[in-house]
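Enquirer: Residue numbers (the working numbering): 7 to 78.
We treat Cβ as the ideally placed atom computed from N, Cα and C, and that holds for glycine.
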């Protein structure tokens, strides 16, 4: 499972305490997580973190890079 954490537009890095208060969505695959991040970005939300049960951890900058690659 992957968790995609979103925040209001303009948010970037978050602390562990803030993470517990953020909205998140659970998704089965990384492809679904990146797709959800793209959707959230299009609707004006910031995706600040993607975490996977396998130890994957993408911060805001890495997510932005993945979204650019996906669009290209």
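Helix, strand or coil for residue 63? Go by DSSP, reduced to three states.
Expert: Counting from 1 along the chain shown, the entry for residue 63 is found at position 57. Residue 63 falls in the strand class under three-state DSSP.
Enquirer: Less than 9 Å between the C-beta atoms of residue 55 and residue 44, yes or no?
Expert: As a position in the chain shown, residue 55 is number 49, starting the count at 1. As a position in the chain shown, residue 44 is number 38, starting the count at 1. Going by C-beta atoms, residue 55 is not nearer than 9 Å to residue 44.
Enquirer: Are the region 66 to 73 and the region 38 to 53 touching, with three or more C-beta to C-beta distances below 8 Å?
Expert: Yes, the region 66 to 73 touches the region 38 to 53.
Enquirer: Grouping DSSP H, G and I as helix and E and B as strand, with all else coil, what is residue 71?
Expert: Counting from 1 along the chain shown, the entry for residue 71 is found at position 65. Three-state DSSP puts residue 71 in a helix.
Enquirer: What does a CB cutoff of less than 6 Å around residue 12 pick up in its chain, not counting 5 residues either side in sequence?
Expert: Within the chain shown, numbered from 1, the residue matching residue 12 stands at position 6. Within the same chain, residue 12 has close Cβ partners 29, 46, 51 and 53.
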